[in-house]
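K.L.:
Going by our numbering, the sequence shown opens with residue 2, and the numbers climb by one from there. Ideal Cβ positions, reconstructed from N, Cα and C, are used throughout, including at glycine. Owing to the predicted nature of the structure, the values given are computational and were not obtained by experimental measurement.
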Amino acid sequence: MTDVLTQVLDDLAAEGDRLEALVADLDADGWRTPTPAPGWDVATQVAHLGWTDEVAVKAATDKDAWDAVVLGAIADPEGYVDAQALLLAQDDDLLGRWRRARADLRAALVAMPRGEKMPWFGPPMSATSMATARLMETWAHSLDVHEGLGVDVEDTDRIRHVAHLGVRTRNFAHSVHGLDAPAEEFRIDLVAPSGEVWSWGPEDASQTVTGSAGDFCRLVTQRVHRADTDLVATGADADRWLDIAQAFAGQPGEGRAPR
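1) Which full runs of the alpha helix (DSSP H) of 4+ residues lie inside the region 150–238, going along the chain?
2) Give the single residue among Ala246, Thr157, Thr235 and Ala61 whose Cα lies nearest to the Cα of valine 225.
3) Between the Cα of glycine 251 and those of Asp65, Asp231, Thr7 and Thr222, spot the shortest distance and give me the residue it belongs to.
4) Round the Cβ separation of leucine 191 and leucine 23 to the nearest angstrom and send it over; I've been treating them as touching at under 8 Å.
5) Which of the three DSSP states, helix, strand or coil, is assigned to methionine 126?
6) Going by other Cβ atoms of all chains shown within 10 Å of its Cβ, with 16 needed for buried, is methionine 2 buried or exposed?
7) Answer with buried or exposed for aspartate 145, where buried requires no fewer than 16 other C-beta atoms within 10 angstroms of its C-beta.
8) If you compare alpha carbons, which of Thr139, Phe187 and Asp231 is closest to histidine 49?
9) Where in the region 75–140 do unbroken runs of the beta strand (DSSP E), each at least 3 residues long, occur, reported from the N-terminal end onward?
10) For aspartate 26, which three-state DSSP category applies?
11) Count Cβ pairs between the region 125–142 and the region 91–102 that sit closer than 8 Å; are there 3 or more?
12) Among the residues of its own chain, which have a CB less than 8 Å from the CB of leucine 10, if the five just before and after it don't count?
13) Taking the C-alpha atoms as reference points, what is the distance between histidine 162 and aspartate 28?
14) For isoleucine 189, is the classification buried or exposed, using 16 other Cβ atoms within 10 angstroms of its Cβ as the cut-off for buried?
15) Valine 210: buried (16+ other C-beta within 10 angstroms of its C-beta) or exposed?
16) Is lysine 64 buried or exposed, if buried means 16 or more other CB atoms sit within 10 Å of its CB?
Here's what the structure looks like:
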């Protein structure tokens, strides 16, 4: 039976492979195609993923190298990560670096002793948590690249990991907005791309969220405005959550404008 880490890593690899196939044959102009993220072209999106994968490898395997990254981030907390992506985007071997970083990260996470956690910009993370976070970000930035290039995205059940992270970060989303987390659990029922229903929370919860998993995952990664989703909230707390939900670490972004 496949363990959880292996399943997440396999799904992460599939998401990376899909994005790589999309960009592999782009010419120079194609790599400079703008994406929905202001100031970020296709190359910057891929560079951000590659840089973050490289840093995750350092966090898992090389304390000195990781400490150097942390010092850089402390020196420029608002601009450091974006600056690194923009720098790497100029590398002629960008795709090769990202490919190697993906393979190195998988090897590093597989090698981590079970139960051990690695340092990160927020709380320390287990191998499975890191793999899930990388899948979430790879999928979200892949959406940006697809949109920039005018290519439709077909959702797969791999987004279950993104949905699970979105549910698990409910209280975190409240905290970054300076709000107290709701006292009660919600019931969340999402329709997967395959038609299966994914559920979290007690069946008898008085506050609920329902809708498609694809829209929920886009909302918690701020790739869609809530008004453009099919998500339905019952209860004041559940309704407020959908306005502030985010599955990623750090401060809230501006999100997307309604269509």
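P.N.:
Taking the definition as stated:
1) 161–169, 171–177 and 214–221
2) Within the sequence shown, residue 225 is the residue found at index 224, counting from 1. Nearest option by C-alpha distance: Ala246.
3) Start at 1 with the first residue of the sequence shown, and residue 251 comes out as number 250. Looking at the Cα atoms, Thr222 is the closest of the given residues.
4) The residue labelled residue 191 in the question sits at position 190 within the sequence shown. The residue labelled residue 23 in the question sits at position 22 within the sequence shown. Not a contact, Cβ separation roughly 26 Å.
5) Along the sequence shown, one-based indexing puts residue 126 at 125. Secondary structure at methionine 126: strand, using DSSP grouped into helix, strand and coil.
6) By one-based count along the sequence shown, residue 2 stands at place 1. Summary for methionine 2: the model assigns pLDDT 42, below 50, so the residue's position carries little reliability; its value from the coordinates is reported in the next sentence. Flag for methionine 2 reads exposed.
7) In the sequence shown, the residue the question calls residue 145 occupies position 144. The residue in question, aspartate 145, is buried, as its Cβ has 16 or more Cβ neighbours within 10 Å.
8) By 1-based counting over the sequence shown, the position of residue 49 is 48. It is Thr139 whose Cα lies nearest to the Cα of histidine 49.
9) none
10) Residue numbering aside, residue 26 sits at position 25 when the sequence shown is read from its first letter. Looking at aspartate 26 - three-state DSSP - the assignment turns out to be coil, as it is neither helix nor strand.
11) With the cut-off at 8 Å, the region 125–142 and the region 91–102 do not touch.
12) Against the sequence shown, residue 10 aligns to sequence position 9. For leucine 10, where only same-chain residues beyond five positions count, the Cβ hits under 8 Å are Arg107, Leu110, Val111 and Ala132.
13) In the sequence shown, residue 162 corresponds to position 161, counting from 1. In the sequence shown, residue 28 corresponds to position 27, counting from 1. Each residue's Cα considered, the two are about 33 Å apart.
14) For the purposes of this step, residue 189 is identified with residue 188 of the sequence shown, where counting begins at 1. Its Cβ being crowded by 16 or more others within 10 Å, isoleucine 189 is buried.
15) If you number the sequence shown from 1, residue 210 lands on position 209. Valine 210 comes out buried.
16) Here residue 64 corresponds to residue number 63 of the sequence shown, with the count starting at 1. So lysine 64 counts as exposed.
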